[in-house]
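Numbering (the working numbering), first residue to last: 16 to 378. C-beta: ideal position from N, C-alpha, C; glycine also.
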């Protein structure tokens with residue numbers, strides 16, 4: 016049986032690209048799996064082939080090399096003009112899993128990962144003034160685009176799946192009924208505690224468009240030593256770029272990231288918008304607890320007092336961070352982190368997608 020997985024632009028394997036790639040890898044052990052996308056970078060095509068997955072690049076012209084901007088461009092093409100779906104031609108008998116919000120096609124299941132206008136609403140206050148200015152006038156278009164994507168996707172899909180209860184509630188308030196919640200997967204064979212003792216002389220964090228930088232600054236101002244990974248420097252405020260207590264590492268390999276997670280005292284994850292959040296789950300997989308907010312996706316994945324600490328506001332996060340930095344925590348938390356993260360391992364998550372495919376083949 017052939018399975019087609021429809022994906023967003025594949026420029027890297029981070030963020031919204033990763034679920035499609037990991038699930039495709041696991042399903043390819045049982046089915047002939049093809050990944051179809053508006054655009055696939057050559058390096059990603061080679062990566063998919065090495066995993067036993069057949070890439071189909073629709074060759075849509077995108078003007079941005081940055082993955083977030085390329086995604087936004089592809090989303091606009093589909094949300095406002097339905098142009099991407101016209102380029103795809105799938106066999107009638109093939110099973111289709113749609114992991115994309117940038118191509119809307121008939122599918123057995125559509126995996127929705129968040130509303131564009133809601134994400135922009137949540138992150139706008141941490142963005143530069145010119146982004147906020149542009150969004151103020153463009154917001155009605157984003158709301159219209161989200162409604163159009165939802166209307167077309169729900170009409171063409173038999174099952175609607177999302178990746179957190181928070182996201183399910185958000186979609187249902189927007190008028191889309193969610194049939195199942197299936198969390199996004201991580202590879203626990205790759206993300207695991209690094210052998211050897213942890214140095215625990217820094218706190219790890221992530222710098223990206225969803226980061227609440229104002230909170231990071233408060234932690235650094237409290238003399239907490241921070242290492243930050245991530246490549247989205249255009250979003251980082253100037254006062255953080257040369258802060259005495261922040262070491263910015265930029266983009267790191269998965270191997271380097273595993274070592275960073277494993278050796279950190281804890282991972283601080285203040286965010287503006289995070290429907291799921293890979294960073295907390297990856298950190299737990301490496302045995303390191305997470306300090307984050309008690310809402311949205313991370314509020315579901317991190318267990319307060321067992322695999323990390325959940326707080327409601329900035330002041331609590333700063334107070335908790337200072338306390339953990341000075342006093343530490345029980346070693347048992349690291350073991351609990353690993354046990355919790357295994358629940359999100361790709362083998363467990365892929366099993367839920369297999370059930371969807373098998374229910375279809377039995378009908």
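CB contact check: residue i to chain D, cutoff 8 Å
| i | result |
| --- | --- |
| residue 199 | Of the protein chains in this structure there is only one, and it is not chain D. |
For residue j and residue i, believed in contact at Cβ under 8 Å, the rounded distance
| i | j | result |
| --- | --- | --- |
| residue 88 | residue 72 | About 16 Å; that fails the 8 Å criterion. |
| residue 335 | residue 306 | 6 Å |
| residue 266 | residue 246 | 4 Å |
| residue 340 | residue 239 | 5 Å |
| residue 285 | residue 230 | 4 Å |
| residue 367 | residue 197 | 5 Å |
| residue 199 | residue 308 | Not quite, the Cβ-Cβ distance comes to about 19 Å (not below 8 Å), so this is no contact. |
| residue 287 | residue 225 | 6 Å |
| residue 70 | residue 50 | 5 Å |
Whole-angstrom distance between residue j and residue i, CA atom to CA atom
| i | j | result |
| --- | --- | --- |
| residue 233 | residue 183 | 32 Å |
| residue 236 | residue 373 | 54 Å |
| residue 18 | residue 363 | 19 Å |
| residue 342 | residue 142 | 34 Å |
| residue 151 | residue 220 | 29 Å |
| residue 124 | residue 194 | 10 Å |
| residue 129 | residue 83 | 14 Å |
| residue 45 | residue 296 | 27 Å |
| residue 158 | residue 347 | 46 Å |
| residue 77 | residue 30 | 19 Å |
| residue 270 | residue 137 | 31 Å |
| residue 351 | residue 302 | 8 Å |
| residue 259 | residue 272 | 22 Å |
| residue 359 | residue 97 | 34 Å |
| residue 140 | residue 255 | 16 Å |
Cutoff 8 Å; reference residue i; Cβ partners in own chain excluding five residues on either side
| i | result |
| --- | --- |
| residue 91 | 160 |
| residue 275 | 219, 242, 244, 264 and 267 |
Cut-off 6 Å between Cβ atoms - residues of its own chain near residue i, not counting five sequence neighbours on either side
| i | result |
| --- | --- |
| residue 311 | 181 and 289 |
| residue 127 | 177 |
Proximal residues to residue i (C-beta, below 7 Å), its chain only, five neighbours per side dropped
| i | result |
| --- | --- |
| residue 300 | 201, 203, 206, 207, 353 and 356 |
| residue 118 | 21, 53, 93, 99, 100 and 103 |
| residue 32 | 22, 23 and 25 |
| residue 105 | 19, 111 and 120 |
| residue 315 | 179, 180 and 181 |
| residue 169 | 175 and 191 |
Exercise for the section: Kindly confirm or deny that the stretch 155–165 and the stretch 105–115 touch, where touching means at least three C-beta pairs closer than 8 Å. Expected result: no
Handout entry: At least 3 beta-carbon pairs within less than 8 Å: the stretch 268–280 vs the stretch 212–222
Key = yes
Handout entry: contact_flag[the stretch 63–79, the stretch 29–46] where n(CB pairs < 8 Å) is 3 or more
Key = yes
Practice task
Output the residue ranges of the alpha helix (DSSP H) runs that lie fully inside the stretch 107–169 and measure 4 residues or longer, sorted by chain position.
Solution key: 131–138
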